Amino acid sequence: MLDKKTYKLLKFISANPGCKFSVTPHKRTLCPFVSSKLKYSTNEDLVEALLLLHNLNFISMKMKTSSIDKSFDYLKTLDWDDSFSLCNPFYVLPQGLAYIQQKRQQFFTFLIPYTLTTVIALLSLISNLIQ
């Protein structure tokens, strides 16, 4: 199970395929949205969360590559250890999408019965107060 911050990062990557978290590979500066929207203040925190998502097989790094005869482009999966950089584009794998969908389904299966019982309890309270 992921903490809220890492889950929010996974949802961000799934909503923005090919997102990058740093502009320059040599400077260790994060893009502004990482600290403001995702609430990661340091590179180490972000790298730790990305590594966790990768180890769970939820995300991967891919680069756009051309075929040998240059007739079409495709996304080539990069080896995580050799080419890790916050400048590389990150993509969510099917396992990550399934995890997001499962979390949403769990939320709604909790929310609907909870809402119904609350509404019934409030209607019962109101009817008792009116009598």
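In my numbering, each residue carries its 1-based index in the sequence shown increased by 1199.
Quick reminder that beta carbons are idealized off the backbone N, C-alpha and C, glycines included.
Remember, predicted model here, so these are calculated numbers, not experimental data.
Identify the continuous alpha helix (DSSP H) that holds residue i and give its terminal residues.
i, result
"residue 1328", "1293-1329"
"residue 1205", "1203-1214"
"residue 1250", "1242-1254"
Does the beta-carbon of residue i have 16 or more other beta-carbons within 10 angstroms, so that it is buried, or is it exposed?
i, result
"residue 1214", "exposed"
"residue 1212", "buried"
"residue 1318", "exposed"
"residue 1324", "exposed"
"residue 1328", "exposed"
Take residue i and list the residues in its own chain whose beta-carbon comes closer than 8 angstroms to its own, dropping the five residues that flank it on each side.
i, result
"residue 1262", "1274, 1275, 1277, 1287, 1288"
"residue 1305", "none"
Below 8 angstroms between beta carbons: does that hold for residue i and residue j?
i, j, result
"residue 1254", "residue 1294", "no"
"residue 1205", "residue 1245", "no"
"residue 1248", "residue 1292", "no"
Give every residue of the same chain whose Cβ lies closer than 7 angstroms to the Cβ of residue i, excluding the five residues on either side of it in the sequence, and list them in chain order.
i, result
"residue 1210", "1299"
"residue 1168", "With the chain represented from 1200 up to 1330, any question about residue 1168 goes unanswered, as that position is not in the structure."
"residue 1297", "none"
Grab the span of the beta strand (DSSP E) containing residue i for me, first residue to last.
i, result
"residue 1266", "Element bounds for residue 1266: n/a, residue is neither H nor E."
Three or more C-beta pairs under 8 angstroms: does that hold for the segment 1309-1318 against the segment 1217-1236?
no
contact_flag[the segment 1253-1269, the segment 1228-1241] where n(CB pairs < 8 angstroms) is 3 or more
no
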